[in-house]
Amino acid sequence: MYKLLLITFLTVCCLNSSSAHYPINALDKIQNTYSYAYIRVEGKFLSKKLKVKVDLGDSDEQIAEGEKLSEILTNKKSYAAILNYMSKIGYELVNTFDLTDNYNGSGGTSGIIYIMKKAEE
489 MYKLLLITFL
499 TVCCLNSSSA
509 HYPINALDKI
519 QNTYSYAYIR
529 VEGKFLSKKL
539 KVKVDLGDSD
549 EQIAEGEKLS
559 EILTNKKSYA
569 AILNYMSKIG
579 YELVNTFDLT
589 DNYNGSGGTS
599 GIIYIMKKAE
609 E
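Counting from 489, one number per residue, gives the positions in the sequence shown under my numbering.
Listed below in structure tokens is the structure:
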């Protein structure tokens with residue numbers, strides 16, 4: 489009787505520990521898909537304003553939305569203003585790259601690229 493009780497207890501413990509109990513937030517993270525934005529920011533010649541090109545993808549809707557965002561963000565004077573606007577509409581920063589130019593041994597940063605993502609619903 490003792491052996492049967494021990495085997496039953498061990499079986500129940502093993503079955504209970506093998507079933508996954510994820511918190512609700514962990515399931516949300518597993519099921520989320522993301523859309524990404526490639527944002528190229530460069531300075532305008534002899535101006536403090538910025539020229540922005542937003543690439544959201546290849547579909548017609550993504551191209552139209554990217555052009556709309558490019559128009560909204562172009563002529564801003566601050567890199568932070570671009571990040572703040574994209575953050576307001578649900579994007580979060582993933583990575584940044586700097587654009588560098590080199591001419592006759594001298595050069596420097598000519599712009600920045602932001603890679604941002606947004607959780608799709």
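Cβ atoms here follow ideal geometry from the backbone N, Cα and C, with glycine treated the same way.
Because the structure is a prediction, the values reported are computed rather than measured.
query: Short check: CB of aspartate 589 to CB of serine 575, under 8 Å?
result: no
message: Whether or not the region 566-580 and the region 545-556 are in contact is what I'm after, with contact meaning three or more pairs of Cβ atoms, one per stretch, closer than 8 Å; do they touch?
response: no
field: Coil, strand or helix - asparagine 488 by DSSP
entry: Missing from the structure shown is residue 488; the chain here goes from 489 to 609 and no further.
- request: Less than 8 Å between the CB atoms is what I'm expecting for valine 529 and tyrosine 567, so what's the real figure, rounded?
  value: 6 Å
field: Minimum length 3: unbroken beta strand (DSSP E) runs contained in the region 536-567
entry: 538-543
- prompt: Rounded to the nearest angstrom, how far is the Cβ of isoleucine 570 from that of asparagine 583, given a contact under 8 Å?
  reply: Rounded, the Cβ-Cβ distance is 15 Å, inconsistent with contact.
query: Since glutamate 530 is in the beta strand (DSSP E), which residue starts that stretch and which ends it?
result: 521-531
task: Look at the Cβ atom of glutamate 608, then the Cβ atom of tyrosine 522, and state whether they are nearer than 8 Å.
output: yes
task: Determine, using beta carbons only, whether leucine 536 and lysine 565 come nearer to each other than 8 Å.
output: Sequence check: residue 536 is lysine here, not leucine. Cβ distance < 8 Å, so lysine 536 and lysine 565 count as in contact.
- request: Quick one: using the 10 Å Cβ neighbour count with 16 as the cut-off for buried, is leucine 561 buried or exposed?
  value: buried
query: By a C-beta neighbour count over all protein chains shown, 10 Å radius and 16 as the cutoff for buried, is valine 538 buried or exposed?
result: Looking at the sequence itself, residue 538 is leucine, so the reference to valine does not match. Buried is the call here.
message: Looking only at its chain, what residues have a beta carbon closer than 7 Å to the beta carbon of glutamate 580, apart from the 5 residues adjacent to it on each side?
response: Met604 and Lys605
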